[in-house]
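Peer 1: Read top to bottom, the protein sequences are chains A and B.
Here the first sequence is numbered in the working numbering, starting from 1 and rising by one per residue.
Here the second sequence is numbered in the working numbering, starting from 303 and rising by one per residue.
Glycine is no exception: its CB is placed at the ideal position from the N, C-alpha and C atoms.
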Amino acid sequence: MSVNAAQLRSPAFRGSRGVLARRAKTTVTTAFLVLVAVYVLIPIYWLVVASSKNTSQLFNTQTFLPPLHVSWASNFKGLFTFEDGDFRWWLLNSFIYASVTATLAAAVSTLCGYGLAKYRFRGRRMVFALVVGSLMVPATALVVPLFLLEHFMGLTNTYQGVILPLIVYPFGVYFMSIFCADAVPDGLLDSSRVDGAGELRTLWQISRPLLMPGIVTLFLLSFIGTWNNYFLPLVLLGTESRFPLTVGLSAWVSSLSSVGAQPIYPEIILGSFVSVLPMLVLFPFLQRYVARGLSFGAISGE
Amino acid sequence: MAVQAGGATASLPIRAMAPGGVTGPKRRRLRVAHGRSGLMMTSPFLALFAVFFAGPLIYSIVLSLRSPLTGAYSGLLNYRSAFSNASFWSAIVRMGYFGLIQVTVMIGLAIVLALLLDSPYCRGRKVFALVYFLPYAVPGVIAAIMWGFLLEPDLDSALGLPHSLGLTSGPIQPLSYRLVLYAIMLIVTWEWTGYNMTILLTSLTNVPHQVLEAAKVDGASELSIATRIKLPLVRRTIIFTVVLSIIGTLQLFNEPVILNEIATTGNSLTPNQIIYNTAFVFGNEQLAAAQSVILAAVTIVATVAFYGLVRRRMNPLAAPRATRAVAK
């Protein structure tokens, strides 16, 4: 009986010691991975449990155990009625800020990235250098001057004041210019031109379907980034009914320490849970697209 | 912490993309016409960029050169007061200390997790990858609220455990002045480890199969494959994640602000907290602009310095050599 090299190296052939060692390594690895998963999941688990407790349950029951009687119903009522139901506005606002910003940022970045990748024009290199250079500028450095400029233009405390600066997404342009170069063959564009289609029509009808995966990635990155943003809306907005969730909830948290304020712990905790729930539920489906976008800068530099 | 995906990348493929297929004068005519469409396509971005990015950037420099009292040109006055402000500098130094510990721990953990998920000893890779990445979907403010409440002894009975066992004189107070910096490290690590792991794992998946198989044929153990082959091959990605983390550390804002609201942990722990207070509590926008410019400069210098450090310290031939040794 002849034994080939592959069989020789197979764990079964190496005997039970190899199998045991492998099993031990798998066990140790799994134990470590589970430990880290616990660290990640503990606050989220706590958020679910704590959102079902009222104030006295929060302070008097075991932190990680569910209460005997859940208070979700009354907590939800409190969340949506406290201070004239501001929370409903925050939820709606976060959705408006994130979806409008993401749509426009994806559109503007795709258009610009496509223009840079598929056309040669005077100043093209300069635009590219501008885009890449601005990746180095930390976003928070612009917040204070942005407030002053928007104040001057009468844009503070408005929806467009928050949305417009966030549409400028240099990483999106950079991402799209490389994505377009790979995804759309030049020959395809030429044949569309020969058929007499205009450039914008070619972009919409021929290139857009090919670019769709990249556009989805951009939309999601911008959506999550805007949904999670705090510094910019905090500085630009003054009226509570314009707040997104992050700014609103932080205002509630800061009211906890003021004298004679209501102890609105259950509202804050349930409000936090409601703010992360949509994204956590959708995340398994979106993870693939988001991960691709994040790794992009690293891989293209590889 | 507002980390933007992207950041500085080393090499930029600006490709020459001549439209093929059409030749001669017709091609040149087409190209000129196309060129105009290309410029038009970039114009919406450029217009918004000018108003909402370049504008504020230039304005902050102009503003930083003006007197807070009179608004007249005052040279480097604001920079001098920013430099002589002890709390601003100690905040920057504090971020250096913070980053040294937190970024090291976080990137170390992210590397270990990515290598383990990429190893044959991992069961349920997809589930773990998803779980670790989940915090990316949680806003920094919410993460700080959750952890802030979990680190408050009044709300978290588990913190009183060492006390009831007689180990400490009272419940653990992670949000006390002495420990709050480490509490923020715990939160930031929670938020961004999976993000960095995801980037590294994608990069590891791109390591060529042949290289790994050749190593196995030569009898290399999984551990040496991980440390001698995979790690050198994803070195650039590791550097990239460290750079993103350095930038993020210097911009820290959300977590310290929320923790301060929960437990009065201090309103000038980080440079951005100080800039916010200077501009909006004290109304000194000129000084705040100077501080913003300094912070941006420190960020860029730190990034460039780190690139210089790893370029010189590590052999640029490390990755190809590993590949060659195995591919032989």
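(1) I need the straight-line Cα distance from B:M487 to B:V407, nearest angstrom please.
(2) CB B:L535 to CB B:L419, shorter than 8 Å?
(3) Which residues in the same chain as B:G323 place their Cβ atom closer than 7 Å to its Cβ, once the five residues preceding and following it in sequence are excluded?
(4) Give the residues from the region 131 to 151 of chain A that approach chain B closer than 7 Å (Cβ to any Cβ), ordered along the chain.
(5) Is there a Cβ from chain A that is less than 8 Å from the Cβ of B:Y479?
(6) Would you mind reading off the limits of the alpha helix (DSSP H) that contains A:L146?
(7) Which stretch, first to last residue, makes up the alpha helix (DSSP H) that contains B:Q512?
(8) Just how far apart, CA to CA, sit A:L270 and B:S383?
(9) Would the region 276 to 284 of chain A count as touching the region 194 to 214 of chain A if we require 3 or more Cβ pairs under 8 Å?
(10) Counting contacts by CB-CB distance shorter than 8 Å, is A:W89 in contact with chain B?
(11) Note the first and the last residue of the continuous alpha helix (DSSP H) segment covering B:T491.
(12) Would DSSP call B:R368 helix, strand or coil?
(13) Determine the burial state of A:S258: buried for a count of at least 16 other Cβ atoms within 10 Å of its Cβ, exposed for fewer.
(14) Helix, strand or coil: which one does DSSP assign to B:Y479?
(15) Determine the contact status of A:L236 and A:E150, defining contact as a CB-CB distance below 8 Å.
(16) Please work out which residues of its chain come closer than 6 Å, Cβ to Cβ, to B:V405, disregarding the five sequence neighbours upstream and downstream, and give them in chain order.
(17) Taking Cβ positions only, does A:E199 come closer than 8 Å to chain B?
(18) How about B:Y361: is its C-beta nearer than 8 Å to some C-beta of chain A?
(19) Please classify A:A24: is it buried, with 16 or more other beta-carbons within 10 angstroms of its beta-carbon, or exposed?
(20) Would B:I447 pass as a contact of B:I540 if the rule is Cβ separation under 8 Å?
(21) Could you tell me which chain A residues have their CB closer than 8 Å to the CB of B:W492, listed as they occur along the chain?
(22) Kindly give me the distance between the Cβ atoms of B:S459 and A:Q62, rounded to whole angstroms, as I take these residues to be in contact under 8 Å.
(23) Who are the neighbours of B:G442 on chain A, taking C-beta pairs under 7 Å?
(24) If we cut at 8 Å on Cβ distances, does B:E587 have a partner in chain A?
(25) Going along chain B in order, which residues have a C-beta closer than 8 Å to the C-beta of A:R242?
(26) Tell me whether the region 59 to 74 of chain A and the region 186 to 193 of chain A touch, counting them as touching only if at least three CB pairs, one residue from each stretch, are closer than 8 Å.
(27) Can you give the beta carbon distance from A:S272 to A:L294, rounded, assuming they're within the 8 Å contact cut?
(28) Looking at the C-beta of A:W72, does it have a partner C-beta in chain B at a distance below 8 Å?
(29) Pop quiz: A:G115 and B:G521 are said to be a contact at Cβ under 8 Å. What is the actual Cβ separation, rounded to whole angstroms?
(30) For A:Y174, name the three-state secondary structure that DSSP assigns.
Peer 2: This is what the structure holds:
(1) Cα to Cα, B:M487 sits roughly 9 Å from B:V407.
(2) For B:L535 and B:L419, no; Cβs fall outside 8 Å.
(3) Because the pLDDT of B:G323 is 45, which lies under 50, any placement of that residue in the model is unreliable, and the question is left without a value.
(4) Within the region 131 to 151 of chain A, the residues whose Cβ lies closer than 7 Å to some Cβ of chain B are V132, S134, L135, M136, V137, P138, A139, T140, A141, L142, V144, P145, L146, L148 and L149, listed in chain order.
(5) It does not; no Cβ of chain A falls within 8 Å.
(6) For A:L146, the enclosing alpha helix (DSSP H) starts and ends at V143 to M153.
(7) Secondary structure note for B:Q512: its alpha helix (DSSP H) is the uninterrupted segment H511 to V519.
(8) Whole-angstrom Cα-Cα distance: 44 Å.
(9) No, the region 276 to 284 of chain A is not in contact with the region 194 to 214 of chain A.
(10) Not an interface residue.
(11) Segment V482 to T507, the alpha helix (DSSP H) holding B:T491.
(12) Per DSSP, reduced to three states, the secondary structure at B:R368 is strand.
(13) By the 10 Å Cβ count, A:S258 comes out exposed.
(14) Correct three-state label for B:Y479: coil.
(15) At a Cβ-Cβ threshold of 8 Å, A:L236 and A:E150 count as neighbours.
(16) Take B:V405, set aside five residues on each side of it, and the residues of its chain with a beta-carbon closer than 6 Å to its own are S547, in chain order.
(17) At least one chain B Cβ lies under 8 Å of A:E199.
(18) Closer than 8 Å to some Cβ of chain A, the Cβ of B:Y361 qualifies, so yes.
(19) Label assigned to A:A24: exposed.
(20) With a cutoff of 8 Å on beta-carbon distance, B:I447 and B:I540 are scored as not near each other.
(21) Correct list: Y39, V40 and P43.
(22) Confirmed, about 6 Å.
(23) Listed along the chain, the chain A residues whose CB falls inside 7 Å of the CB of B:G442 are N228 and Y230.
(24) At least one chain A Cβ lies under 8 Å of B:E587.
(25) Near A:R242 there are no residues of chain B at all, since even the closest Cβ is about 17 Å away, more than 8 Å.
(26) Between the region 59 to 74 of chain A and the region 186 to 193 of chain A there are fewer than three inter-stretch CB-CB distances shorter than 8 Å, so the stretches are not counted as touching.
(27) The distance from the Cβ of A:S272 to that of A:L294 is about 24 Å, inconsistent with a contact at the 8 Å cut-off.
(28) With a threshold of 8 Å between beta carbons, A:W72 makes no contact with chain B.
(29) In fact, because the Cβ distance is near 53 Å, the residues do not count as touching under 8 Å.
(30) If DSSP states are grouped into helix, strand and coil, A:Y174 belongs with the helices.
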